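Enquirer: Read in order, the letters of the sequence shown are residues 127 to 522 in my numbering. C-beta atoms are modelled at their ideal positions from N, C-alpha and C, and glycine is treated no differently. Please read all numbers here as calculations on a predicted model, not as lab measurements.
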Amino acid sequence: MDSATVGRATALGTAVLLALLAVPAHAAPQDPAPDLAGLRGVLRTAVQQGAPGAAARIDDHGTVSKAVTGIADRSTRRTLATTDRFRIGSVTKTFSAVVLLQLADEKKLKLDTPVNRYLPGLLPDDRITVRHVLSHRSGLYDYTNDMFARTVPGFEAVRTKVFTYRQLVDRSLRKPRTTAPGGPYAYSNTNFVIAGLLIEKLTGNPVGTEYQNRIIAPLELGDTFYVHPGTKIPGRHARGYLTPDTAGAALVDATEQTASWAQSAGAVISTARDLNTFLSALLRGELTSAAQLTQMRRWVAAGSGQAYGLGLRRRDLSCGASVFGHTGAVQGFYTYAFTSEDGGRSLAAFVNTSNNGKVHGTMLGALESAFCGKSAKVRRGFTAGERPETEALTGR
Numbered sequence: 127m128d129s130a131t132v133g134r135a136t137a138l139g140t141a142v143l144l145a146l147l148a149v150p151a152h153a154a155p156q157d158p159a160p161d162l163a164g165l166r167g168v169l170r171t172a173v174q175q176g177a178p179g180a181a182a183r184i185d186d187h188g189t190v191s192k193a194v195t196g197i198a199d200r201s202t203r204r205t206l207a208t209t210d211r212f213r214i215g216s217v218t219k220t221f222s223a224v225v226l227l228q229l230a231d232e233k234k235l236k237l238d239t240p241v242n243r244y245l246p247g248l249l250p251d252d253r254i255t256v257r258h259v260l261s262h263r264s265g266l267y268d269y270t271n272d273m274f275a276r277t278v279p280g281f282e283a284v285r286t287k288v289f290t291y292r293q294l295v296d297r298s299l300r301k302p303r304t305t306a307p308g309g310p311y312a313y314s315n316t317n318f319v320i321a322g323l324l325i326e327k328l329t330g331n332p333v334g335t336e337y338q339n340r341i342i343a344p345l346e347l348g349d350t351f352y353v354h355p356g357t358k359i360p361g362r363h364a365r366g367y368l369t370p371d372t373a374g375a376a377l378v379d380a381t382e383q384t385a386s387w388a389q390s391a392g393a394v395i396s397t398a399r400d401l402n403t404f405l406s407a408l409l410r411g412e413l414t415s416a417a418q419l420t421q422m423r424r425w426v427a428a429g430s431g432q433a434y435g436l437g438l439r440r441r442d443l444s445c446g447a448s449v450f451g452h453t454g455a456v457q458g459f460y461t462y463a464f465t466s467e468d469g470g471r472s473l474a475a476f477v478n479t480s481n482n483g484k485v486h487g488t489m490l491g492a493l494e495s496a497f498c499g500k501s502a503k504v505r506r507g508f509t510a511g512e513r514p515e516t517e518a519l520t521g522r
């Protein structure tokens, strides 16, 4: 090779190297774009399976995508909107966990301290720690299993009731524990009722006040509320419909209720936009210290393709991506709220029905469409170790 050729090769190599160095690190292969057609298909299928309406919103690095089908109100036939407020069920648990982790940041709480240290005499076992409660490893029986063993009668029996936290804990303690403290994951609403008790004891304020001051106001979540024991959803909202146990029976309008059976385990009201804002901020480290966010993401196995941290669920999708958030079930509504690891892409989806396993299984496909794009392999039904949330309305 002559010197001129060598010179040209060297110059070309230098130019290529400089070009490569000029490419920013974040320009590596991007996540697949959301499959909006697939997402709309998921929503349509959910409506065909019995949901009056279904809606979803994706916030993706500043780009907003929305999909909606069906109605918000079976009486007026008003079309559902992604801006409608709705009951988010067990996504409330993530709010409760954030408050407790902030209290840990403030040195008012230690995760590995027994609950009875803060709430003397509450529990029959001094080994149950705050961490066990927030990760569903306390072994405390889920009182909602009995409360909603019969869906509609169970709901009507508690629709207007107002419970104290201790009354709900007492319902759990009438039953044997399901595991030893620190044992395997076993979802139980009782754990996050105890979280509410801890919040109120350590702050001296009602749970709703702490949600407002620590999360809702700082993030400007203008459509998020904790109205317990009020029964109405304020402002423009979707009505929620409970599916009876008897096939073919008429849906029951469950919109107005105290949600007192849930409280800090499931009584928050919000919108798709606010949920995306909340989860994005959480995963970006805007609500807790980095140390507490790391604690929140210490995972335990929680069923096929799932893991649970502290009030936070991880779902592993067909494309290899993992997303972080929570599902929610409360009479009349299912909620699916998840974000990417960096908080850059978030999905909040909901239907205005509950106690419908087919709808729930279908709506989980919204995560695949939102985060895996057209490469998604949408799962139908339930995998081993995952039963429908509707069996106890626990938002697992």
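1) Determine the direct distance from the alpha carbon of residue 451 to that of residue 434, and round the result to whole angstroms.
2) Determine the direct distance from the alpha carbon of residue 319 to that of residue 287, and round the result to whole angstroms.
3) Once DSSP output is grouped into helix, strand and coil, what is the label at residue 279?
4) For residue 305, which residues from the same chain have a beta carbon less than 6 Å from its beta carbon, with the 5 sequence-adjacent residues on both sides left out?
5) Where does residue 183 land, buried or exposed, given buried means 16+ other C-beta within 10 angstroms?
6) Quick check on residue 157: does DSSP put it in helix, strand or coil?
7) Excluding five sequence neighbours on each side, which residues of the same chain lie with their C-beta closer than 7 Å to the C-beta of residue 328?
8) What are the boundary residues of the alpha helix (DSSP H) that includes residue 448?
9) Rounded to whole angstroms, what's the CA-CA distance from residue 503 to residue 170? Just pull it up for me.
10) Please list the terminal residues of the continuous alpha helix (DSSP H) segment that includes residue 221.
11) Using a 10 Å radius around the Cβ and a threshold of 16 neighbouring Cβ atoms, would you call residue 300 buried or exposed?
12) Is the separation between the beta-carbon of residue 391 and that of residue 216 shorter than 8 Å?
13) From residue 382 to residue 204, what does the alpha carbon distance come to, in whole angstroms?
14) Over the uninterrupted beta strand (DSSP E) stretch that includes residue 196, give me the two end residues.
15) Considering only the alpha carbon of each residue, which of 487, 488, 267 and 321 lies closest to residue 297?
16) What is the rounded straight-line gap between the Cα of residue 254 and the Cα of residue 238?
17) Roughly how many angstroms lie between the CA atoms of residue 510 and residue 430, to the nearest whole one?
18) Give the straight-line distance between the Cα atoms of residue 321 and residue 223, rounded to the nearest whole angstrom.
19) Take residue 498 as the anchor and find which of 472, 479, 477 and 486 has the nearest alpha-carbon.
20) In the structure shown, what three-state DSSP assignment does residue 257 receive?
21) Output the distance between the C-alpha atoms of residue 470 and residue 493, rounded to the nearest integer angstrom.
22) Please give the ranges of any beta strand (DSSP E) in the stretch 312-377, keeping only runs that are unbroken, at least 3 residues long and fully inside the region.
23) Please confirm if the stretch 366-375 is in contact with the stretch 275-294, defined as three or more CB-CB distances below 8 Å between the two stretches.
24) Could you check if residue 495 belongs to the surroundings of the ligand ATP, using beta carbon to heavy atom distance under 7 Å?
25) If you check the beta carbons only, do residue 207 and residue 190 fall under 8 Å apart?
26) Return the chain-ordered list of same chain residues with a C-beta closer than 7 Å to the C-beta of residue 162, the five sequence neighbours on each side being excluded.
27) List the residues that DSSP assigns as beta-bridge partners of residue 246.
28) Less than 6 Å between C-beta atoms, sequence neighbours within five positions excluded: which residues of the same chain meet that for residue 155?
29) Using DSSP's beta-bridge definition, name the partner residues of residue 432.
30) To the nearest angstrom, report how far apart residue 409 and residue 226 are at their CA atoms.
31) Of the choices 418, 440, 179 and 232, whose alpha-carbon is the least far from that of residue 425?
32) In whole angstroms, give me the CA-to-CA distance for residue 209 and residue 247.
Expert: In short, the structure shows the following:
1) 10 Å
2) 16 Å
3) helix
4) 265 and 312
5) buried
6) coil
7) 229, 234, 235 and 244
8) First-last for residue 448: 448-456, but that is the beta strand (DSSP E), not the alpha helix (DSSP H).
9) 18 Å
10) 218-231
11) exposed
12) yes
13) 18 Å
14) 189-196
15) 267
16) 9 Å
17) Note that residue 510 scores a pLDDT of 30, beneath 50, so its modelled location is shaky and nothing firm can be said.
18) 7 Å
19) 472
20) helix
21) 15 Å
22) none
23) yes
24) The ligand ATP is absent from the structure shown, which contains no ligands of any kind.
25) no
26) 191 and 193
27) Answer by DSSP bridge pairing: none, since residue 246 is not bridged.
28) At residue 155, the pLDDT of 43 sits below 50, so the modelled position is not reliable; the number obtained from the coordinates is stated separately. So the list is empty, once near-sequence residues are dropped.
29) 441
30) 16 Å
31) 440
32) 44 Å
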